[in-house]
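Engineer: Supplied in structure tokens, the structure appears directly below.
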Amino acid sequence: MPSTFLRASLSLASNQESSSLVTTRFLDRDAQVVLQTIAICGRRITFVSGTHQRGKMESGRDIELVLADELGPGDLRSPVWDATNGGAVYSLIEDGRFVVRLAASAGDEGFATVISGSVGDEEGQRDGPAGFARFRSLRHMVGDGAGALYVTHLETQHTMVIRKLKLPPASEPSGDVWTTTLPLQLPARTYALAFDGSRAGGGGHIGGGSLIFATATAIYRVPLDRCDADTAPVLLAGVEGMFGEVDGAIVDSRFYSINGLTVDGDGNVYVLDFDQTVTCLRRVGVDGSVTTLAEVAVGDCWRPIVLPNGNLAVCGDDGVMHVLDLDLTPPHWQATAPPVCSPVAKPAPGPPPRTLPADLGALLDRQPDGTADVTIVVSGRTFHAHRGVLSARSDYFRQLFGSDFADGAAAQHTLEDADAAAFDATLHYIYQGTAEFAPAQTQAVADLAGRLLLPELCRLASEQLAAGVSAGSVVGLLLWADARGPAFLELISRLKGWYVQHHEEVVDEAPESIRRLAAANPTMMVELMMQLGSPRPTKRTRLG
Numbered sequence: 001m002p003s004t005f006l007r008a009s010l011s012l013a014s015n016q017e018s019s020s021l022v023t024t025r026f027l028d029r030d031a032q033v034v035l036q037t038i039a040i041c042g043r044r045i046t047f048v049s050g051t052h053q054r055g056k057m058e059s060g061r062d063i064e065l066v067l068a069d070e071l072g073p074g075d076l077r078s079p080v081w082d083a084t085n086g087g088a089v090y091s092l093i094e095d096g097r098f099v100v101r102l103a104a105s106a107g108d109e110g111f112a113t114v115i116s117g118s119v120g121d122e123e124g125q126r127d128g129p130a131g132f133a134r135f136r137s138l139r140h141m142v143g144d145g146a147g148a149l150y151v152t153h154l155e156t157q158h159t160m161v162i163r164k165l166k167l168p169p170a171s172e173p174s175g176d177v178w179t180t181t182l183p184l185q186l187p188a189r190t191y192a193l194a195f196d197g198s199r200a201g202g203g204g205h206i207g208g209g210s211l212i213f214a215t216a217t218a219i220y221r222v223p224l225d226r227c228d229a230d231t232a233p234v235l236l237a238g239v240e241g242m243f244g245e246v247d248g249a250i251v252d253s254r255f256y257s258i259n260g261l262t263v264d265g266d267g268n269v270y271v272l273d274f275d276q277t278v279t280c281l282r283r284v285g286v287d288g289s290v291t292t293l294a295e296v297a298v299g300d301c302w303r304p305i306v307l308p309n310g311n312l313a314v315c316g317d318d319g320v321m322h323v324l325d326l327d328l329t330p331p332h333w334q335a336t337a338p339p340v341c342s343p344v345a346k347p348a349p350g351p352p353p354r355t356l357p358a359d360l361g362a363l364l365d366r367q368p369d370g371t372a373d374v375t376i377v378v379s380g381r382t383f384h385a386h387r388g389v390l391s392a393r394s395d396y397f398r399q400l401f402g403s404d405f406a407d408g409a410a411a412q413h414t415l416e417d418a419d420a421a422a423f424d425a426t427l428h429y430i431y432q433g434t435a436e437f438a439p440a441q442t443q444a445v446a447d448l449a450g451r452l453l454l455p456e457l458c459r460l461a462s463e464q465l466a467a468g469v470s471a472g473s474v475v476g477l478l479l480w481a482d483a484r485g486p487a488f489l490e491l492i493s494r495l496k497g498w499y500v501q502h503h504e505e506v507v508d509e510a511p512e513s514i515r516r517l518a519a520a521n522p523t524m525m526v527e528l529m530m531q532l533g534s535p536r537p538t539k540r541t542r543l544g
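For the sequence shown, the UniProt record's numbering assigns the number 1 to the initial residue and increments by one for each residue that follows.
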């Protein structure tokens, strides 16, 4: 098969190093947007120019990373850029126990700062804040471009889990990174991971998108906004355990040995398939059809990435970055820069611009005005609303109004065991995408958001609950969240971490709550006591 798309091969490594991955980021330098493409070669960073347009690409300045002895002798793996943290690049360490943030000095050296994991001898699997979390064998890392990293963690000889690292907001760069484990198990022989933030992948909103993972012969999708203990990965292409190189639709297709994959901005998946001699590039379309595009190189290749100019970069085991001219749509969730505009004359004063959230909010505030086609009764209070808006924004209402429910067409519905003030705030969130509520309503809003299948609002309210936790409230919140299912797993993990770090305060200030926990949930009590028996950091970390 001819390599008709191969545009260039750029040598990035020396002395038998192998290039691990290329990542791209945009930086704000003196009010100008600067594009950087970075190749990681062992412990060396190489800056690559020319990836912003369809022209010549060149390798430039090298930076040697100096890592602390505690991080071990391993190389860097899976570098990822996150747009919400000032252009920071994050990476795994080959030893699999740390996640680090990379930084370059003004000279020819750089350094890595551990943001999660233990720098001591302790390893394992434990969620919580940065210094409390533990890893044993991290394999892959991807980012959603919106403040979350996802890593695969070898749990047993036969299974992997996915763990989420929530990065602090740009306004609090020194804040904690929180680690939680998703309620999902993958095969131990998972060889590739990618994030899909396209509309085809369920992207376009906070907390949306999908993770795409691959075994040697099959590719699967996991929707993040519907990830719970009952979620089964969706097969995209290939058949588990069936080897071959066959194009076709979903289960008709065959792969020989998948080594890497990535997703473009349209939701197409690009797969590196190695037949023990040659690595081929194959595309899984949004419709599930598999097409072989080109031979990339003789030998093993991995970690493809779509560059801002639409080319595809692939790293080889010989330290060479192969570039394929495919004219792809870059993934907007990985590297998007604000448009650079020429100065224009200041417009004349006028009315403020119309926005969809403002208009929908005004529509809600005008009710009842004759346009509403459904009423929701909560604690005796009647709310007038619009089926189309509720169905588009909430899976609960979409299912309620659907044909599966005999009373779906009813003009009035009652929401039992809900707080009217909390529903008022929730309804404004549904219409406007923002929510304002008093601190006393936070728990009720979180509860209602979980019931109405509004994951972003549930997460927002949960973060406020976590930020306001105290020695007197932590046990009550733990028991409350534990009774409400998968939507509150991240909150439970954060509360457990806070409890372990502040156990002595809870004993001093609220000893009766410990007795309550032991009686109501002895399993959780035992888990917390076991964590208290493990070495832990002495630093008290603020939650939130």
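Think of the CB as a built atom: it goes at the ideal place given N, C-alpha and C, for glycine as much as any other residue.
For Gln531, which residues of its own chain have a beta-carbon under 6 Å away from its beta-carbon, when the five flanking residues on both sides are left out?
Structural biologist: Hits under 6 Å: Val500.
Engineer: Tell me the residue span of the beta strand (DSSP E) that contains Cys280.
Structural biologist: From DSSP, the beta strand (DSSP E) with Cys280 extends over Val278 to Val284.
Engineer: Quick check on DSSP: helix, strand or coil for Thr262?
Structural biologist: Three-state DSSP puts Thr262 in a strand.
Engineer: Helix, strand or coil for Val340? Go by DSSP, reduced to three states.
Structural biologist: Residue placement at Val340 is poorly supported in this model, since its pLDDT is 41, which falls under 50; the coordinates still yield a value, given next. Coil at Val340, not helix or strand.
Engineer: Just the Cα atoms here: how many angstroms apart are Gly96 and Gly124?
Structural biologist: Answer to the nearest angstrom: the Cα atoms are 11 Å apart.
Engineer: Rounded to the nearest angstrom, how far is the Cβ of Pro331 from that of Val284, given a contact under 8 Å?
Structural biologist: That pair is no contact at about 15 Å.
Engineer: Compute the beta-carbon to beta-carbon distance between Lys166 and Tyr150, rounded to the nearest angstrom, for a pair I have assumed lies under 8 Å.
Structural biologist: Actually they are not in contact, since the Cβ atoms of Lys166 and Tyr150 sit about 10 Å apart, beyond 8 Å.
Engineer: Classify Val314: buried if its beta carbon has 16 or more other beta carbons within 10 angstroms, exposed otherwise.
Structural biologist: With 16 or more other Cβ atoms within 10 Å, it is buried.
Engineer: Can you check whether the CB of Thr371 is closer than 9 Å to the CB of Leu360?
Structural biologist: It is not a contact, given that the beta carbons lie outside the stated cut-off.
Engineer: Using the Cα positions of Asn309 and Gly244, report the straight-line distance between them to the nearest angstrom.
Structural biologist: About 32 Å.
Engineer: Helix, strand or coil: which one does DSSP assign to Pro233?
Structural biologist: If DSSP states are grouped into helix, strand and coil, Pro233 belongs with coil.
Engineer: Going by alpha carbons, who is nearest to Ser91 out of Asp127, Arg139, Phe213 and Val290?
Structural biologist: For the residues Asp127, Arg139, Phe213 and Val290, the minimum Cα distance to Ser91 belongs to Arg139.
Engineer: Would you report the Cα separation of Ser198 and Gly209, rounded to the nearest angstrom?
Structural biologist: Going from the Cα of Ser198 to the Cα of Gly209 covers about 7 Å.
Engineer: For Glu436 and Ala518, I'd like the C-alpha separation in whole angstroms.
Structural biologist: About 35 Å.
Engineer: On the criterion of 16 or more Cβ atoms from any shown chain inside 10 Å, does Asp419 qualify as buried, or is it exposed?
Structural biologist: It is buried - the Cβ of Asp419 has at least 16 other Cβ atoms within 10 Å.
Engineer: Would you check if the distance between the CB atom of Leu235 and the CB atom of Val251 is smaller than 9 Å?
Structural biologist: Their beta carbons are under 9 Å apart, which means Leu235 touches Val251 by this criterion.
Engineer: At what residue ranges does the segment 416-479 contain a whole run of the alpha helix (DSSP H), taking only runs of 4 or more?
Structural biologist: Segments of the alpha helix (DSSP H) lying fully in the segment 416-479: 420-432, 442-451 and 455-467.
Engineer: Could you check which residue in Gly131, Glu240, Ala466 and Leu211 has the C-alpha nearest to that of Leu477?
Structural biologist: When only C-alpha atoms are compared, the closest one is Ala466.
Engineer: In terms of residues, what are the limits of the alpha helix (DSSP H) holding Arg393?
Structural biologist: That run of the alpha helix (DSSP H) goes Arg387 to Arg393.
Engineer: If you measure between the beta carbons of Asp176 and Ala130, is that distance less than 9 Å?
Structural biologist: Yes; because the gap between Cβ atoms is below 9 Å, this pair is in contact.
Engineer: Are the beta-carbon atoms of Tyr429 and Ala444 separated by less than 9 Å?
Structural biologist: Going by C-beta atoms, Tyr429 is not nearer than 9 Å to Ala444.
Engineer: According to the neighbour-count rule (16 or more other Cβ atoms, all chains shown, within 10 Å of its Cβ), is Val474 buried or exposed?
Structural biologist: By the neighbour-count rule (16 or more Cβ atoms within 10 Å), Val474 is buried.
Engineer: Look up Asp273 in the DSSP assignment and give the residues it is bridged to.
Structural biologist: According to DSSP, which records beta bridges pairwise, Asp273 is partnered with Ile258 and Cys280.
Engineer: Decide if Pro339 is buried, meaning its Cβ has at least 16 other Cβ atoms within 10 Å, or exposed.
Structural biologist: Caution applies to Pro339, whose pLDDT of 41 falls short of 50 and renders its modelled position unreliable; the value that the coordinates give is listed next. It is exposed - the Cβ of Pro339 has fewer than 16 other Cβ atoms within 10 Å.
Engineer: Could you give the DSSP three-state label for Ala132: helix, strand or coil?
Structural biologist: Per the sequence shown, residue 132 should be read as Phe rather than Ala. Phe132 falls in the coil class under three-state DSSP.
Engineer: Alpha carbon to alpha carbon, how far is Ala188 from Thr215? Give it in angstroms, no decimals.
Structural biologist: Approximately 9 Å, taken between the alpha carbons.
Engineer: Thinking C-alpha only, which one of Asn259, Gln185, Val271 and Leu326 is nearest residue 555?
Structural biologist: There is simply no residue 555 to check, as the chain begins at 1 and stops at 544 in what is shown.
Engineer: Under 9 Å between the Cβ atoms of Ser257 and Gln276?
Structural biologist: Closer than 9 Å, so yes.
Engineer: My output table needs one value for Pro187: the three-state DSSP class, helix, strand or coil.
Structural biologist: Strand at Pro187.
Engineer: Note down the Cα distance separating Ser470 from Leu495, rounded to an integer number of angstroms.
Structural biologist: About 10 Å.
Engineer: Where DSSP assigns a beta bridge to Glu94, which residues make up the other side?
Structural biologist: DSSP output for Glu94 lists no bridge partner at all.
Engineer: What residues in its chain sit with their C-beta under 7 Å from that of Thr382, if we drop five residues either side in the sequence?
Structural biologist: Contacts found: Thr375.
Engineer: Between Leu453 and Ser394, is the Cβ-Cβ spacing less than 9 Å?
Structural biologist: A contact, by the Cβ cut-off of 9 Å.
Engineer: DSSP three-state call for His503: helix, strand or coil?
Structural biologist: The answer is helix: DSSP assigns His503 an H, G or I state.
Engineer: Relative to the C-alpha of Gly241, which candidate in Phe255, Tyr220, Asp424 and Pro233 has its C-alpha closest?
Structural biologist: Ranking the options by Cα distance to Gly241, first place goes to Phe255.
Engineer: If you reduce the DSSP assignment to three classes, tell me which class Gly361 lands in.
Structural biologist: DSSP places Gly361 in helix when its eight states are reduced to three.
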